[in-house]
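Heads up, the sequence shown is in my numbering, so the first residue is 130 and it goes up one at a time. Glycine included, every Cβ here is placed at the ideal spot set by N, Cα and C. This report concerns only the one structure given below.
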Amino acid sequence: MTIQRTFSRILIGTCLTALLGLSSSAQNAKPVLIDEFGNIPCDDYLARVDNFYISLGSDPTAHGYAVISGFPYLRRRLAYDLWLDGAVWSRRFDPDRITKIRGKEIGDIRMQFWLVPGGAEPPKFDPSAWNFTFAEKSKPFVFHSEMEQICSSPTFTRPYKEYIDANLGSRGHVVIYAASQRSFRKTLQEAKERLKGIPGKRLRYFFVRIDGSPYGDNSYADYWLVPKRK
Numbered sequence: 130m131t132i133q134r135t136f137s138r139i140l141i142g143t144c145l146t147a148l149l150g151l152s153s154s155a156q157n158a159k160p161v162l163i164d165e166f167g168n169i170p171c172d173d174y175l176a177r178v179d180n181f182y183i184s185l186g187s188d189p190t191a192h193g194y195a196v197i198s199g200f201p202y203l204r205r206r207l208a209y210d211l212w213l214d215g216a217v218w219s220r221r222f223d224p225d226r227i228t229k230i231r232g233k234e235i236g237d238i239r240m241q242f243w244l245v246p247g248g249a250e251p252p253k254f255d256p257s258a259w260n261f262t263f264a265e266k267s268k269p270f271v272f273h274s275e276m277e278q279i280c281s282s283p284t285f286t287r288p289y290k291e292y293i294d295a296n297l298g299s300r301g302h303v304v305i306y307a308a309s310q311r312s313f314r315k316t317l318q319e320a321k322e323r324l325k326g327i328p329g330k331r332l333r334y335f336f337v338r339i340d341g342s343p344y345g346d347n348s349y350a351d352y353w354l355v356p357k358r359k
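Here you go:
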């Protein structure tokens with residue numbers, strides 16, 4: 130009995146020590162800056178997202194933060210925002226493992242990937258409301274094309290709407306390239322469904338016929354932003 134009691138006490142003590150060690154480890158855990166970069170090409174960006182998720186995978190309790198900042202590169206910041214969504218979607222990563230932060234509009238374009246272990250306090254990121262107002266004498270531009278190649282931006286409609294909401298009198302023009310009326314109508318319906326959060330009077334749709342080769346009977350769309358004419 131004495132040996133059994135002694136063994137039980139040792140076992141209980143060992144478990145308590147381990148639990149206290151885990152608690153202490155959690156309390157001492159600190160956020161880790163996994164990566165930080167400025168203006169880089171799309172393929173390099175995707176490789177860094179992969180590495181970020183590998184780091185997250187090594188600690189199931191951790192949460193990731195992606196912080197985007199810089200001025201005056203709004204369209205580039207938005208590209209980083211949307212490319213992250215595209216990478217997560219195409220690679221079937223868990224979107225709940227990360228939080229995106231829109232940082233301050235100061236300094237050069239900058240993106241940071243932070244890993245915050247379970248139990249640790251995240252850094253004070255100081256999020257900012259980005260300014261979507263068009264600069265004076267801005268010209269129409271293609272904000273999103275369905276013909277994009279390596280980096281995809283499946284959530285482009287969110288900032289597309291933010292631009293239109295922030296600029297009174299601006300419009301969205303959707304140019305649909307199609308080999309037939311049938312494929313045009315199909316893509317038109319898809320575009321209207323994507324943009325249903327934007328008032329119809331702020332949108333216009335255009336049909337541009339293309340040669341069936343090499344597209345066959347397929348179609349694609351370019352989403353333009355058109356500032357108000359002065």
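CB contact below 8 Å: residue i versus chain D
i, result
"Y182", "This model lacks chain D altogether; it includes just one protein chain."
Same chain only: Cβ atoms within 7 Å of residue i, ignoring 5 sequence neighbours per side
i, result
"E207", "The displayed chain sequence assigns Leu, not Glu, to residue 207. Excluding sequence neighbours, L207 sits near P288."
"Y283", "Just to set this straight, residue 283 is Pro in the shown sequence, not Tyr. The answer, listed in chain order, is D214, G215 and W218."
"M276", "Y349"
"D237", "G167 and G199"
"A312", "It is Ser, not Ala, that sits at residue 312 in the sequence shown. D346, N347 and S348, listed in sequence order."
"D173", "none"
"S281", "G215 and S219"
"L317", "I305 and Y334"
Three-state secondary structure (DSSP) of residue i
i, result
"A264", "coil"
"Q278", "coil"
"T316", "helix"
"R206", "helix"
"D164", "strand"
"L297", "coil"
"D225", "helix"
"D351", "strand"
"I183", "helix"
"V177", "Inspection of the sequence shows that residue 177 is occupied by Arg rather than by Val. The answer is helix: DSSP assigns R177 an H, G or I state."
"R331", "helix"
"R323", "helix"
Residues of its chain near residue i, where Cβ-Cβ distance is below 6 Å and the 5 sequence neighbours each way are ignored
i, result
"V271", "D351 and W353"
"S184", "I163 and L244"
"F261", "E291, Y292 and A295"
"P269", "W353 and V355"
"C171", "I279 and C280"
"R177", "D164"
Alpha-carbon spacing of residue i relative to residue j, whole angstroms
i, j, result
"R239", "S219", "24 Å"
"I163", "L332", "41 Å"
"Q278", "K266", "30 Å"
"F166", "K290", "28 Å"
"I197", "D210", "7 Å"
"L297", "V337", "28 Å"
"I339", "W259", "38 Å"
"N157", "I169", "34 Å"
"P363", "F242", "Limits of the chain in this structure are 130 at one end and 359 at the other, which puts residue 363 out of reach."
"D223", "Y182", "9 Å"
"K359", "L175", "40 Å"
"Q310", "K253", "53 Å"
"A308", "G329", "25 Å"
"K357", "S187", "50 Å"
Same chain only: Cβ atoms within 8 Å of residue i, ignoring 5 sequence neighbours per side
i, result
"D255", "G232 and K233"
"I293", "S299, R300, G301, I327, R331 and L354"
"K325", "none"
"F285", "L211, F272, H273 and Y352"
Cross-strand partners of residue i (DSSP beta bridge)
i, result
"Q310", "Paired residues: none, contrary to the question."
"I230", "V196"
"G215", "Partner(s): none; G215 has no beta bridge."
"F242", "D164 and A195"
Worksheet item: Between the stretch 232-246 and the stretch 190-203, do three or more beta carbon pairs fall short of 8 Å?
Response: Touching, per the Cβ criterion.
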